[in-house]
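Q:
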């Protein structure tokens with residue numbers, strides 16, 4: 477995995493503020509590198525690896541803005557900068573974030589600008605992490621007494637859902653004839669809150685205005701391909717047909733889920749395939765079909781025909797049809813033994829008979 481063996485070589489932290497009625501507020505800029513202890517470095521790298529390796533919340537993106545004043549060009553400068561220039565350039569990144577925060581509803585926080593290597597063989601990266609503060613308590617024991625201390629600003633706690641990460645990863649040394657920078661840099665976005673349309677829209681200030689990222693995939697086509705590939709895999713599984721029907725229903729529920737705006741092969745496997753061998757086989761099958769290994773944004777605009785109705789086939793040219801997202805709840809299907817050891821199917825429809833379509 478790309479974000480295993482992640483190391484941080486340089487880290488500068490600035491503080492940005494929520495804008496007010498008078499407009500954007502100047503950031504509080506640092507003139508020094510942060511010095512992390514061994515334990516702090518390990519925890520910071522662990523938080524990064526866990527977040528960016530998350531199948532459900534880490535999205536591979538594409539370079540959208542590569543022009544003058546873009547974060548991409550600034551990241552290239554930061555990767556090659558000496559220490560003094562790195563600090564100065566990181567300050568410009570903080571100013572860019574302030575300009576991108578174009579609404580008073582966007583909270584302030586810390587901007588961490590960091591650089592290092594990740595993966596094997598190691599690849600250089602430039603990371604930008606915005607962490608919004610939380611509050612909490614810390615317990616201190618002294619002289620047999622326990623004292624709870626209130627902490628006004630906590631960042632990057634294990635359960636924190638209020639930080640965003642953008643990564644520019646140098647995947648190959650650029651040549652003199654540059655036709656597409658995406659051949660030389662990979663971009664990744666982590667945001668635990670991109671699970672609803674409202675949150676995704678609100679976060680565009682970070683990944684679009686600030687980082688200059690855009691979607692890597694044609695999300696409508698990729699969503700349809702995900703549905704078709706998953707259905708094909710289920711159809712080939714060596715399990716009872718009743719269990720296959722349950723998985724088809726699970727797929728429809730997963731795609732229809734309003735609370736999530738991202739799709740992930742690994743997330744579907746973890747949620748609905750209980751057997752580890754089946755999960756591995758499914759992820760391998762999807763990889764061969766060139767589905768993204770990271771999450772991608774859900775777009776069902778080209779999949780509506782697949783999501784409208786399900787048709788279940790039986791022997792002797794008998795079919796059962798119903799709404800794709802509800803059929804599993806409206807009908808119970810089970811195998812029974814017929815006469816002469818024939819395999820029959822029992823269907824229980826949880827509604828009255830209304831008649832025949834004519």
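In my numbering, the protein residues as written are 477 to 834.
The beta-carbon is built from N, C-alpha and C at its ideal position, and this holds for glycine as well.
Who are residue 663's beta bridge partners in DSSP?
A: Taking the first residue of the chain shown as 1, we reach residue 663 at position 187. Bridge partners of residue 663: 537 and 644.
Q: Which first and last residues belong to the beta strand (DSSP E) in which residue 690 is found?
A: By one-based count along the chain shown, residue 690 stands at place 214. Segment 689-691, the beta strand (DSSP E) holding residue 690.
Q: Comparing alpha-carbon positions, which option in 825, 642, 781 and 822 lies nearest residue 569?
A: Mapped onto the chain shown, residue 569 falls at position 93. With distances taken between Cα atoms, residue 569 lies closest to 642.
Q: Just to check my reading of the structure: residue 537 and residue 692 have Cβ atoms closer than 8 angstroms, yes? What is that Cβ distance to the nearest angstrom?
A: Position 61 of the chain shown, counted from the first residue, corresponds to residue 537. Position 216 of the chain shown, counted from the first residue, corresponds to residue 692. Contact flag correct, Cβ pair sits at about 6 angstroms.
Q: Which residues in the same chain have their Cβ closer than 6 angstroms to the Cβ of residue 795, if we skip the five residues on either side of it in sequence?
A: Here residue 795 refers to the residue found at position 319 when the chain shown is read from its first residue. Cβ within range, chain order: 787 and 789.
Q: Please return the same chain residues whose Cβ sits closer than 6 angstroms to the Cβ of residue 493, not counting the five positions on each side in sequence.
A: The residue you call residue 493 lines up with position 17 of the chain shown. Contacts found: 501 and 584.
Q: Can you look up residue 816 in the DSSP assignment and give me helix, strand or coil?
A: Counting from one through the chain shown, the residue named residue 816 turns up at place 340. DSSP, read as helix, strand or coil, puts residue 816 in helix.
Q: Pairing CB atoms from the stretch 696-711 with CB atoms from the stretch 739-749, are three or more of them under 8 angstroms?
A: yes
Q: Between which two residues does the alpha helix (DSSP H) containing residue 496 stretch?
A: Within the chain shown, numbered from 1, the residue matching residue 496 stands at position 20. Taken as a continuous stretch (DSSP letters only), residue 496 belongs to no alpha helix (DSSP H), as it is neither H nor E.
Q: Quick one: give me the first and last residue of the beta strand (DSSP E) that residue 601 is part of.
A: Numbered from 1 along the chain shown, position 125 holds the residue referred to as residue 601. Note, residue 601: beta strand (DSSP E), 599-607.
Q: Select from 579, 772, 803 and 550 the residue whose C-alpha is nearest the C-alpha of residue 498.
A: On the chain shown, residue 498 is found 22 positions in, with the first residue counted as 1. Minimum Cα-Cα distance from residue 498 among the listed residues 579, 772, 803 and 550 corresponds to 579.
Q: According to DSSP, residue 770 sits in a beta bridge with which residue or residues?
A: Position 294 of the chain shown, counting from 1, holds the residue named residue 770. Paired residues: none, contrary to the question.
Q: Roughly how far, in whole angstroms, is the beta-carbon of residue 710 from the beta-carbon of residue 730, given that I think they are within contact range, below 8 angstroms?
A: Within the chain shown, the letter at position 234 stands for residue 710. Within the chain shown, the letter at position 254 stands for residue 730. Not a contact, Cβ separation roughly 12 angstroms.
Q: When you compare only the Cα positions, how much space is there between residue 607 and residue 586?
A: Residue numbering aside, residue 607 sits at position 131 when the chain shown is read from its first letter. Residue numbering aside, residue 586 sits at position 110 when the chain shown is read from its first letter. Rounded to the nearest whole angstrom, the C-alpha separation of residue 607 and residue 586 is 5 angstroms.
Q: Are there 16 or more other CB atoms within 10 angstroms of the CB of residue 558, so buried, or fewer, so exposed?
A: Position 82 of the chain shown, counted from the start, is the residue given in the question as residue 558. Result: exposed.
Q: Since residue 773 and residue 695 should fall inside the 8 angstroms C-beta cutoff, what is the C-beta to C-beta distance between them, to a whole number of angstroms?
A: Translated into the one-based positions of the chain shown, residue 773 becomes position 297. Translated into the one-based positions of the chain shown, residue 695 becomes position 219. Between residue 695 and residue 773 the Cβ distance is about 5 angstroms, and since that is below 8 angstroms, they are a contact.
Q: Whole angstroms are fine: how far does the CA of residue 604 sit from the CA of residue 548?
A: Residue mapping note: residue 548 aligns to position 72 of the chain shown, counting from 1. Residue mapping note: residue 604 aligns to position 128 of the chain shown, counting from 1. Looking at the two C-alpha atoms, the distance is approximately 11 angstroms.
Q: Skipping 5 residues on each side, what residues in its chain have a beta carbon closer than 8 angstroms to that of residue 534?
A: Position 58 of the chain shown, counted from the start, is the residue given in the question as residue 534. Once the five neighbours on either side are set aside, the close Cβ partners of residue 534 are 527, 528, 664, 665, 666, 770 and 771.
Q: To test your reading of the DSSP string, which unbroken alpha helix (DSSP H) runs of 4 or more residues are found completely within the stretch 511-580?
A: 514-528, 547-556 and 559-576
Q: Under three-state DSSP, which class holds residue 672?
A: Mapped onto the chain shown, residue 672 falls at position 196. For residue 672, the predicted structure reports a pLDDT of 47, less than 50, and the residue's modelled location is therefore unreliable. The matter cannot be settled from this model.
Q: Here's a check: name, in chain order, each residue in its chain whose Cβ is nearer than 6 angstroms to the Cβ of residue 782, leaving out the five neighbours to either side.
A: Position 306 of the chain shown, counted from the first residue, corresponds to residue 782. The residues are 703.
Q: Taking only three categories from DSSP, how would you classify residue 749?
A: Taking the chain shown and counting its residues from 1, the one referred to as residue 749 is at position 273. It is coil, neither helix nor strand.
Q: What is the rounded straight-line gap between the Cα of residue 827 and the Cα of residue 589?
A: Walking along the chain shown from the start, residue 827 turns up at place 351. Walking along the chain shown from the start, residue 589 turns up at place 113. Approximately 59 angstroms, taken between the alpha carbons.
Q: With DSSP collapsed to three states, give me the class of residue 491.
A: For the purposes of this step, residue 491 is identified with residue 15 of the chain shown, where counting begins at 1. Residue state, collapsed to three classes: strand.
Q: Can you look up residue 728 in the DSSP assignment and give me helix, strand or coil?
A: For this step, residue 728 is matched to residue 252 along the chain shown. Of the three classes helix, strand and coil, the one that applies to residue 728 here is helix, per DSSP.
Q: Between which two residues does the beta strand (DSSP E) harbouring residue 782 extend?
A: Position 306 of the chain shown, counted from the first residue, corresponds to residue 782. First-last for residue 782: 780-784, but that is the alpha helix (DSSP H), not the beta strand (DSSP E).
Q: Looking at residue 810: is its Cβ nearer than 9 angstroms to the Cβ of residue 718?
A: The count along the chain shown starts at 1 and reaches residue 810 at position 334. The count along the chain shown starts at 1 and reaches residue 718 at position 242. For residue 810 and residue 718, yes; Cβs fall inside 9 angstroms.
Q: Which one or two residues does DSSP pair with residue 795 in a beta bridge?
A: For the purposes of this step, residue 795 is taken as residue 319 along the chain shown, with counting starting at 1. Beta-bridge pairing links residue 795 to 789.
Q: Going by C-alpha distance, which of 792, 687, 726 and 747 is nearest residue 546?
A: Within the chain shown, numbered from 1, the residue matching residue 546 stands at position 70. Selected option, being the one with the closest Cα: 687.
Q: From the DSSP output, in three-state form, read off residue 810 for me.
A: Here residue 810 corresponds to residue number 334 of the chain shown, with the count starting at 1. Three-state DSSP puts residue 810 in a strand.
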